[in-house]
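In our numbering, the protein residues as written are 19 to 310.
Next up, the structure:
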């Protein structure tokens with residue numbers, strides 16, 4: 019029973035981790051909390067549904083198509099809503115703009131799809147249950163865990179081993195110095211939004227298929243919980259976002275299983291408060307000291 023709940027928690031936590039990566043990458047470079055990120059996760063789920071129903075593709079093509087669509091959407095949002103405010107006004111203006119984009123995207127999806135819950139076709143993935151010892155694991159859980167792991171490993175390799183990854187790390191250290199060294203800062207920021215949006219879209223499709231439900235406001239709570247996961251792991255730290263997402267998913271499922279399902283949504287915010295009180299920089303975050 020405990021091992022099965024742990025597996026369920028890792029499955030849920032992997033989706034939180036994929037969304038949290040978008041938060042932490044954007045914050046690491048421009049110190050902005052992109053509160054529209056949860057809505058990108060939601061739109062990714064609907065983009066996957068459109069591909070499945072309209073073009074009869076399999077789940078992997080649907081995930082890939084949703085990732086491409088949300089990459090473009092993320093760059094458009096950055097260009098229209100965030101870039102004009104960067105360096106010309108306070109961070110509060112960008113934060114308000116992010117909230118406005120979030121409301122706009124969810125309302126737009128309500129106008130297009132309505133507020134009713136939508137489902138993926140039942141035969142989108144042929145589920146098989148495997149029994150390993152006392153643990154039952156479905157083929158869908160295996161797909162979600164493996165695909166999430168592959169995406170997170172690919173992101174880490176890209177940041178550590180490629181030129182654009184080095185440019186992203188340089189921008190996260192000092193945007194002005196990176197620009198003086200010849201790095202196209204605007205292009206790097208747009209690419210960061212694109213990668214984060216693609217990961218959120220992949221998480222959206224997998225969660226929608228796993229729970230077989232999606233609706234226009236599904237990104238609101240998921241986005242907030244992923245933000246809590248990013249803070250838990252250490253906002254600005256990519257390994258921290260992965261660890262925070264997985265940890266939060268496990269804690270949430272354990273709370274539901276052994277305490278009460280009524281506290282499902284409260285657990286994430288209770289963890290956030292405790293982290294801010296005990297270790298504000300998060301598990302893997304570094305304490306930053308400012309010289310006066």
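By construction, the Cβ of each residue, glycine as well, lies at the ideal position given by its N, Cα and C atoms.
On a predicted model such as this, the values are computed, not experimentally measured, just so you know.
Quiz item: In chain order, what residues of the same chain have a beta carbon less than 8 angstroms from the beta carbon of residue 145, not counting five sequence neighbours either side?
Solution: 156, 157 and 158
Quiz item: By how many angstroms is the C-alpha of residue 51 removed from the C-alpha of residue 43?
Solution: 10 angstroms
Self-check item: Cutoff 7 angstroms; reference residue 123; Cβ partners in own chain excluding five residues on either side
Solution: 54, 57 and 61
Quiz item: What is the rounded straight-line gap between the Cα of residue 234 and the Cα of residue 198?
Solution: 43 angstroms
Exercise. Determine contact between the stretch 252-272 and the stretch 85-97, defined as no fewer than three beta-carbon pairs at a distance below 8 angstroms.
Key: no
Quiz prompt | Simplified DSSP assignment, three categories, for residue 310 | solution = Its pLDDT being 46, under 50, residue 310 is placed unreliably by the model, and the measurement read from it follows with that caveat. DSSP places residue 310 in coil when its eight states are reduced to three.
Quiz item: Per DSSP, residue 180 forms a beta bridge with which residues?
Solution: Beta-bridge pairing links residue 180 to no other residue.
Exercise. Could you pull the start and end residues of the alpha helix (DSSP H) that residue 37 belongs to?
Key: 20-48
Exercise. Just the C-alpha distance for residue 175 and residue 184, rounded to the nearest angstrom, thanks.
Key: 11 angstroms
Quiz item: Where residue 213 and residue 82 are concerned, what is the direct C-alpha to C-alpha distance, given to the nearest angstrom?
Solution: 13 angstroms
Exercise. Kindly indicate which residue of 33, 19 and 253 has the alpha-carbon position closest to the one of residue 267.
Key: 33
Quiz prompt | Inter-residue spacing [alpha-carbon to alpha-carbon] between residue 310 and residue 253 | solution = Residue placement at residue 310 is flagged as unreliable, the pLDDT there being 46, under the threshold of 50; a coordinate-derived value is accordingly withheld.
Self-check item: Close beta carbons around residue 308, own chain, < 8 angstroms, minus the five adjacent residues each side
Solution: With a pLDDT of 49 at residue 308, under the threshold of 50, the modelled position of that residue is not reliable, and the figure given next carries that caveat. Contacts found: none.
Quiz prompt | Cα-Cα separation, residue 31 to residue 218 | solution = 13 angstroms
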